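One structure is given below, encoded as structure tokens.
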Ligand SMILES: Nc1ncnc2c1ncn2[C@@H]1O[C@H](COP(=O)(O)OP(=O)(O)OP(=O)(O)O)[C@@H](O)[C@H]1O
């Protein structure tokens with residue numbers, strides 16, 4: 016079969032590929048599953064194509080790539096798609112049964128093509144030749160050795176080393192929803208369960224690349240891209256799952272907490288096995304761990320996104336937290352760091368241990384830098400071990416393992432003087448695995464080739480039999496290399512050459528003028544233009560000996576290598592444990608390095624309230640020439656209402672408070688002069704509508720849905736960031752919502768809350784709320800050209816409320832035409848929003864609450880038909896059953912008013928409901944009305 020350069024596109028009809036021609040099957044042809052053309056010609060297919068067809072039938076949801084020599088080939092519809100996606104030439108295969116489109120990708124260089132197919136949302140079944148083509152009598156046997164799917168990629172070239180790629184499986188429903196995940200490249204398998212919402216959050220946090228749903232699992236709306244896979248429903252049955260899991264752990268029921276967890280892990284592992292060629296249990300899955308997401312600081316996907324932990328929200332917004340604090344030296348540490356940031360600890364003792372270790376590594380710069388230097392030589396041990404146990408590791412991998420193990424004693428030596436318990440424990444947990452290191456060192460050559468079947472892999476002196484065979488080969492070759500000299504002497508022909516060709520083997524070459532001197536024992540092998548080639552019986556014998564010894568040696572080397580690899584695989588658990596300790600050490604050393612370079616301090620944990628002196632934003636401070644540190648003191652109250660002009664630093668400030676807490680609970684020191692912090696249970700963020708470019712839902716609806724989530728789930732131990740809540744609707748409604756939210760958080764939730772707002776009226780509220788206080792961002796105002804004020808941002812937070820939003824000045828700074836700016840200034844003047852009462856750069860102690868009391872004062876007010884005076888509203892203050900909760904419950908419960916109300920009350924309420932003109936009611940008014948009706952019913956009960 017040749018790869019023609021094939022400019023010709025095959026005629027689909029001639030190839031029998033016309034969809035309409037396929038009688039009775041009118042679904043469109045797909046690149047996955049058996050091609051119709053072949054199904055129709057089943058009986059006539061050549062043995063090879065019929066083998067291809069069989070494999071397509073057993074892997075109906077994948078594109079089958081079929082090894083033919085050095086290529087992976089696809090045929091028919093699959094060929095067309097592979098040619099398109101991978102940008103390779105579409106050729107055709109013709110035989111007596113028909114013409115089939117064909118496309119191939121080179122096996123040696125398959126990774127980028129496979130990546131293209133995965134990106135195009137295909138699963139790919141790799142059908143390898145599983146017997147040596149030269150030994151096969153007739154058709155070479157082929158089998159699917161691997162199904163590559165987004166969640167089960169194990170190829171290093173297709174994996175990012177910074178993050179884990181998960182395959183997930185969901186079972187159950189309600190409170191018993193379970194999620195199991197496995198990182199197929201490292202064998203990390205975990206399971207958890209909880210309410211559908213919890214599991215939804217956990218899914219968002221882990222963002223598995225591929226998700227299997229059991230028949231009873233709820234349909235999740237995923238906030239990330241994942242391939243949905245229909246797994247075998249039977250694999251999710253409890254008995255089947257128990258059996259699958261029993262190959263991994265001795266007592267399946269003891270590692271899980273419920274049947275849904277058992278079924279999730281079982282179904283998951285069953286599929287993972289299928290993708291690895293259904294070759295039995297996956298040896299590298301050494302641990303199946305159950306965990307409880309509540310045992311970590313919970314950051315939902317919204318918080319992870321808005322705090323820009325891993326991704327920036329927009330290309331403009333610069334770096335991410337992980338980018339600025341990732342000083343890890345190896346891939347193991349990089350993944351561990353990502354997982355600690357994604358799931359900071361809530362275990363105070365554990366956090367202190369990490370801080371102890373970071374502190375000591377900070378104080379011992381020599382030890383730290385030596386450790387980091389040696390860790391940089393550490394290979395991705397977790398993935399290496401998994402390749403070893405999947406029998407995919409080659410000799411280079413084993414050498415990489417040895418190099419990694421070489422670093423371990425050095426790392427331990429660098430830690431010889433440490434004194435803190437966590438570092439002592441960590442040092443002691445570093446298993447040098449001297450046995451494995453020695454074994455590989457003695458067995459495998461230092462610079463082995465990629466291939467493990469062609470010799471050059473095993474060191475001399477390791478295997479006696481191999482040495483003997485190699486000696487025979489060597490002697491033979493030496494004999495041959497001395498032959499030229501000997502024969503020249505014997506024959507007197509100075510130009511006589513001894514050489515070797517692949518086809519003809521060894522020869523003695525004599526040029527034509529010397530042919531008369533050729534001895535009798537020379538037999539002619541080949542005639543060339545100017546010379547003849549000969550062999551002698553002895554040369555032939557030696558040649559056979561050399562070749563068979565060489566072949567035998569290569570085969571023996573492979574055998575010996577496979578034995579060594581199997582011995583290493585036996586130590587998989589110890590290697591995984593070592594990987595675990597190295598990963599932890601790497602992150603702790605990185606934290607110390609970051610602290611040293613950027614002047615971070617150790618936070619004091621277990622405080623009652625967040626108290627930060629001189630706090631900085633870890634990311635902005637790197638990109639900003641001069642960063643102004645700011646304090647945050649919540650010992651005086653838990654709700655801070657923050658005002659200040661646009662661009663004055665409100666968002667930065669709120670995020671820095673959250674990031675300090677995240678870093679601290681992840682185990683890092685923090686960017687501040689000093690910090691006393693509580694252990695937070697969750698961080699919620701609700702950032703302003705215009706900051707969020709998410710499409711689909713109306714931004715206001717989205718904002719309210721997020722607010723609902725916060726108000727339902729925040730606790731007194733949570734940190735809540737609210738950035739301009741209510742901005743997505745009319746000023747009056749927005750203000751009312753902002754106000755009610757603040758009150759509810761203050762009265763009912765008790766969470767540490769930072770509320771940035773442009774609603775200056777909100778600042779007055781603080782007087783009524785004992786645990787709330789105002790903060791504002793100061794600006795410096797100078798007389799500019801022509802008497803108009805210029806504004807300089809000081810980025811400094813101060814007590815009290817700011818009196819003006821300086822929106823007009825910011826508009827001017829941004830280049831809005833002078834005529835518009837002037838006109839705006841006039842409007843502001845008319846509205847009474849004076850500029851200049853504030854701007855006190857010392858800012859302190861001016862509680863200067865110059866709040867405008869009427870919402871109409873705001874330039875953008877008056878959008879609502881029926882202004883609501885928030886103070887006058889019955890809902891202006893949270894009632895003892897939680898007014899806002901009632902709103903929120905109202906949203907959730909579809910407005911189901913009722914209960915045991917009397918018939919009278921019900922009739923009243925019903926008649927009011929009938930009178931309500933829904934089309935003319937704003938969402939907030941509707942909620943207010945609903946709440947009032949509900950309260951009336953409750954009162955009359
Ligand atoms: N403490 C600080 N020190 C130095 N520069 C800062 C500081 N805080 C913020 N900045 C700079 O000011 C810019 C604006 O800050 P930020 O986005 O936090 O303002 P904002 O008040 O939230 O604005 P808006 O109300 O328009 O959202 C930031 O991009 C940053 O470059």
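Numbering (my numbering), first residue to last: 16 to 956. Idealized CB from N, CA, C, for every residue including glycine. All values reported here derive from a predicted model rather than from experimental measurement.
Check, Outcome
"With residue 76 and residue 138 assumed to form a contact (beta carbons below 8 Å), what rounded beta-carbon distance in angstroms separates them?", "6 Å"
"Please classify residue 534: does DSSP put it in a helix, a strand, or coil?", "coil"
"Could you work out which residue in 553, 580 and 308 is closest to residue 494 when comparing CA atoms only?", "553"
"Is the region 245 to 256 touching the region 224 to 232, taking contact as three or more C-beta pairs under 8 Å?", "yes"
"Does the Cβ of residue 468 have 16 or more other Cβ atoms within 10 Å, making it buried, or fewer, making it exposed?", "exposed"
"For residue 166 and residue 140, what's the separation of their Cα atoms in angstroms?", "14 Å"
"Residue 733 to residue 628, Cα distance in whole Å?", "20 Å"
"Candidates 269, 391, 158 and 512: which alpha carbon is nearest residue 83's?", "158"
"Does any residue of chain C have a CB that is nearer than 8 Å to the CB of residue 789?", "In summary, chain C is missing from the structure at hand, where a single protein chain is found."
"When you compare the CB positions of residue 371 and residue 638, do they come within less than 8 Å of one another, or not?", "no"
"Exposed or buried, what is residue 269 when buried is set at 16 or more other beta-carbons lying within 10 Å of its beta-carbon?", "exposed"
"From residue 761 to residue 737, what does the alpha carbon distance come to, in whole angstroms?", "13 Å"
"Mind listing, in chain order, the residues whose beta carbon lies closer than 6 Å to a non-hydrogen atom of ligand 1?", "635, 639, 642, 643, 645, 659, 661, 662, 663, 664, 665, 666, 667 and 810"
"What residue range is occupied by the uninterrupted alpha helix (DSSP H) comprising residue 645?", "No alpha helix (DSSP H) contains residue 645, which is instead part of the beta strand (DSSP E) from 645 to 648."
"Please report the residue range of the beta strand (DSSP E) in which residue 109 lies.", "106 to 110"
"By how many angstroms is the C-alpha of residue 929 removed from the C-alpha of residue 948?", "12 Å"
"So residue 117 packs on residue 90, CB below 8 Å; how close in whole Å?", "5 Å"
"Beta-carbon separation of residue 699 and residue 606 under 8 Å?", "no"
"For residue 397, count neighbouring Cβ atoms within 10 angstroms of its own Cβ and tell me buried if that reaches 16, exposed if not.", "buried"
"On the DSSP letters alone, give me the boundaries of the alpha helix (DSSP H) that residue 482 sits inside.", "479 to 506"
"Check whether the region 433 to 444 touches the region 468 to 480, counting contact only when three or more Cβ pairs, one atom from each stretch, lie closer than 8 Å.", "no"
"Whole angstroms is fine: what's the gap from residue 942's alpha carbon to residue 751's?", "12 Å"
"Could you check the C-alpha separation between residue 188 and residue 210 for me, to the nearest Å?", "8 Å"
"So which of 601, 540 and 485 has the shortest CA-CA distance to residue 5?", "Outside the displayed range of the chain (16 to 956) lies residue 5, so it cannot be described from this structure."
"Under three-state DSSP, which class holds residue 447?", "coil"
"Please go through the region 85 to 163 and give each complete beta strand (DSSP E) segment of 3 or more residues, from N-terminal end onward.", "86 to 90, 106 to 110, 113 to 121, 139 to 144 and 157 to 163"
"For the alpha helix (DSSP H) holding residue 606, just list the boundary residues, first then last.", "587 to 613"
"If you count every other CB in all the chains shown that lies within 10 Å of the CB of residue 708, and 16 or more means buried, which is it?", "The predicted model places residue 708 with a pLDDT of 42, which falls under 50 and marks its position as unreliable, so this point remains unresolved."
"Between the alpha carbons of residue 446 and residue 551, how many angstroms are there, rounded?", "59 Å"
"Look at the alpha carbon of residue 345 and the alpha carbon of residue 436, and state the distance between them as a whole number of angstroms.", "24 Å"
"How long is the line joining the alpha carbons of residue 259 and residue 281, rounded to whole angstroms?", "6 Å"
"What does the alpha-carbon distance come out to for the pair residue 673 and residue 234?", "32 Å"
"Which residues does DSSP list as the beta-bridge partners of residue 311?", "360"
"To which residues of the same chain is residue 884 closer than 6 Å at the C-beta, ignoring the five residues directly before and after it?", "Any reading at residue 884 needs caution, since the residue's pLDDT is 35, under 50, leaving its predicted position unreliable; the model's value is listed next. Counting only Cβ-Cβ distances below 6 Å, and skipping sequence neighbours, we find nothing."
"Which residues share a DSSP beta bridge with residue 184?", "195 and 227"
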